[in-house]
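Chemist: Protein chains in written order, with the numbering used here: chain A, 1 to 116; chain B, 1001 to 1111. Quick reminder that beta carbons are idealized off the backbone N, C-alpha and C, glycines included. What follows is a single structure, and I will ask about it in a moment.
This is how it looks when you write it as structure tokens:
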């Protein structure tokens, strides 16, 4: 079974530039998550989709971050414009969505973003 | 609100020694608890999880954890460390539909 795919794996940009990350979840998984993992910290949930609807984006900095999940499958996360403090690994995860409290989340390899 | 605290950002053990990684949670409702492992330049992989039932949970690679409600703890153990266990370990608590992660513990295994 293919895992969660993410691209690109690495991205270096200058501050105030824009960047986009792509995620393809495991086939059949209804729930998709984007996390931000800053060096030395645990992942922090940015946004959660159930199919193509947003169920939690309370920690997403909406003035610069946006995300969409068209057709309930692939998802993109965009940062515009980027700040130095956005340097982090961006992780995508997916789960079946049958029980969002206990579902196992499967993580992709992440995209390491460096903002100069 | 759910919070998770991992005691010790770095744990170092000798190969063959006991591994003990500590995790405490804070919650007003019965929690769901998870341990994930992250190898360099990879995503997180589930080691084990506690939802309901037996409080001693066995996971992959010989790891296990015990849910102790009276101590609000969910410590991860392995009787004998292998070099391949060197990685970062994250404890996470889930309630409703959200996971809250601890800051992680880096495990190094010395030959």
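Going along chain A in order, which residues have a C-beta closer than 9 Å to the C-beta of residue 1103(B)?
Modeler: Here residue 1103(B) refers to the residue found at position 103 of the second chain. The contacting residues are 40, 41 and 42.
Chemist: Taking only beta-carbon positions, decide if residue 114(A) is within less than 8 Å of chain E.
Modeler: The chain inventory of the structure shown lacks chain E, comprising the protein chains A and B.
Chemist: Does DSSP put residue 1026(B) in a helix, in a strand, or in coil?
Modeler: Indexing the second chain from 1 puts residue 1026(B) at position 26. Three-state result, residue 1026(B): strand.
Chemist: From what residue to what residue does the beta strand (DSSP E) around residue 117(A) run?
Modeler: Nothing about residue 117(A) can be read from this structure; chain A reaches only from 1 to 116.
Chemist: Taking beta-carbon pairs under 9 Å, can you tell me which members of the stretch 1040–1070 of chain B lie near chain A?
Modeler: Per Cβ criterion, the list reads 1041, 1042, 1043, 1044, 1045, 1046, 1049, 1051 and 1052.
Chemist: How would you list, in chain order, the residues of chain B whose beta-carbon sits under 7 Å from the beta-carbon of residue 110(A)?
Modeler: As a first step, residue 110(A) must be located in the first chain, where it is residue number 110. Neighbours of residue 110(A) on chain B, chain order: 1043.
Chemist: Does the stretch 1023–1041 of chain B come into contact with the stretch 1054–1070 of chain B, if we say contact requires no fewer than three beta-carbon pairs (one atom in each stretch) closer than 8 Å?
Modeler: yes
Chemist: Alpha carbon to alpha carbon, how far is residue 75(A) from residue 52(A)? Give it in angstroms, no decimals.
Modeler: Against the first chain, residue 52(A) aligns to sequence position 52. Against the first chain, residue 75(A) aligns to sequence position 75. Taking the straight line joining both Cα atoms gives about 9 Å.
Chemist: In terms of alpha-carbon separation, which member of 113(A), 106(A), 110(A) and 115(A) lies closest to residue 26(A)?
Modeler: As a first step, residue 26(A) must be located in the first chain, where it is residue number 26. Ranking the options by Cα distance to residue 26(A), first place goes to 106(A).
Chemist: Is residue 48(A) near residue 31(A), with beta carbons less than 8 Å apart?
Modeler: On the first chain, position 48 is the one that residue 48(A) refers to. On the first chain, position 31 is the one that residue 31(A) refers to. Result yes, Cβ atoms of residue 48(A) and residue 31(A) sit closer than 8 Å.
Chemist: Tell me whether residue 1048(B) is buried or exposed, calling it buried when 16 or more other Cβ atoms sit within 10 Å of its Cβ.
Modeler: By 1-based counting over the second chain, the position of residue 1048(B) is 48. So residue 1048(B) ends up on the buried side.
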